[in-house]
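**Q** Residue numbers (the working numbering): 337 to 568.
Yeah, the Cβ is synthetic: ideal placement off N, Cα and C, and Gly gets one too.
Have a look at this one before I ask anything.
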Amino acid sequence: MLGVLGGMGPMATVDFMEKVIRHTPASCDQEHIRMVVCSAADIPDRTAAILGEGPDPLPALRATLRRLEAAGATCIAMPCNTAHHWHAALQAGTPLPILHIADAVADRLGPPEGARIGVLATTGTVAAGIYQDRLALRGYACGLPDTGGQDAVMRAIRLVKAGRLAEATAILRREAEALAAAGAGAVVMACTEIPVALAAVEDPLRACLVDATEALARACVAACRPGTALAA
Numbered sequence: 337m338l339g340v341l342g343g344m345g346p347m348a349t350v351d352f353m354e355k356v357i358r359h360t361p362a363s364c365d366q367e368h369i370r371m372v373v374c375s376a377a378d379i380p381d382r383t384a385a386i387l388g389e390g391p392d393p394l395p396a397l398r399a400t401l402r403r404l405e406a407a408g409a410t411c412i413a414m415p416c417n418t419a420h421h422w423h424a425a426l427q428a429g430t431p432l433p434i435l436h437i438a439d440a441v442a443d444r445l446g447p448p449e450g451a452r453i454g455v456l457a458t459t460g461t462v463a464a465g466i467y468q469d470r471l472a473l474r475g476y477a478c479g480l481p482d483t484g485g486q487d488a489v490m491r492a493i494r495l496v497k498a499g500r501l502a503e504a505t506a507i508l509r510r511e512a513e514a515l516a517a518a519g520a521g522a523v524v525m526a527c528t529e530i531p532v533a534l535a536a537v538e539d540p541l542r543a544c545l546v547d548a549t550e551a552l553a554r555a556c557v558a559a560c561r562p563g564t565a566l567a568a
């Protein structure tokens, strides 16, 4: 049973669940993956903690993980990129596998050959090097927004959390296009709020976007249904 350590934020958690369902090959209710979801929206802000501006979310993350263990989960997903700063600490405290979202993204990317990958993420994710470090192990180089662009990305993420999607979409489209123009062969939407805002973006930008939420969802289906072809 898939345990979802969610609520970071709630809308992103629902988006993740929808993508798990979409990629599960099923013709009836009973063929879908069993999920237990804890939408722990009260977990302290992850970016604030990484930047030394807020409380440590690790105790709350651990408490939520224990609830999922008690509910019978057999593997864990966290549909929050920034929370993966604490992935190793959480994994050390549980026998259950916790899928890593950046590894799921790397699995979805093509052969690196020195490829440059743009990353749109929270300032916390960028500061923690979550994607820079993990993708470098696979041979990728990461391109990031400049300081002004990163501030704009954070503003857009907060707009998504506030339900102001149209404003967020305009900002994120501009920043994604800037990364592509700077030579990124693909642009990872490395905050689970970002795919919510860019869901309706069309080609040519759509073709270069990589949805980290979707990559994690596909990895979860593969983990829960090994050897089964995923639904498109």
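My assumption, with CB atoms under 8 Å, is that LEU480 sits in contact with VAL455. Please give the rounded CB distance.
**A** Within the sequence shown, residue 480 is the residue found at index 144, counting from 1. Within the sequence shown, residue 455 is the residue found at index 119, counting from 1. Between VAL455 and LEU480 the Cβ distance is about 6 Å, and since that is below 8 Å, they are a contact.
**Q** How about LEU426 and ILE437: do their beta carbons lie closer than 9 Å?
**A** Within the sequence shown, the letter at position 90 stands for residue 426. Within the sequence shown, the letter at position 101 stands for residue 437. Cβ distance not < 9 Å, so LEU426 and ILE437 don't count as in contact.
**Q** If you draw a straight line from the C-alpha of HIS368 to the C-alpha of GLN468, how long is it?
**A** Stepping through the sequence shown from its first residue, residue 368 is reached at position 32. Stepping through the sequence shown from its first residue, residue 468 is reached at position 132. Near 34 Å, if we compare the C-alpha coordinates of GLN468 and HIS368.
**Q** With distances taken Cα to Cα, identify the nearest neighbour of ILE493 among GLU354, ASP381, VAL356.
**A** Residue 493 sits at position 157 when you count from the first residue of the sequence shown. Looking at the Cα atoms, ASP381 is the closest of the given residues.
**Q** Between ARG561, LEU508, MET490, ALA517, which has its C-alpha nearest ALA384's C-alpha?
**A** Position 48 of the sequence shown holds residue 384. Cα-wise, what sits closest to ALA384 is MET490.
**Q** Determine, using beta carbons only, whether THR418 and CYS527 come nearer to each other than 9 Å.
**A** For this step, residue 418 is matched to residue 82 along the sequence shown. For this step, residue 527 is matched to residue 191 along the sequence shown. Their beta carbons are under 9 Å apart, which means THR418 touches CYS527 by this criterion.
**Q** How would you call ALA377, buried or exposed, if buried means at least 16 neighbouring beta carbons within 10 angstroms?
**A** By one-based count along the sequence shown, residue 377 stands at place 41. Exposed, since its Cβ has fewer than 16 Cβ neighbours within 10 Å.
**Q** Taking the continuous alpha helix (DSSP H) assigned at ALA517, which residues delimit it?
**A** As a position in the sequence shown, residue 517 is number 181, starting the count at 1. Its alpha helix (DSSP H) spans residues 501-517.
**Q** Do the segment 535-548 and the segment 502-516 make contact, defined as three or more Cβ pairs closer than 8 Å?
**A** Yes, the segment 535-548 is in contact with the segment 502-516.
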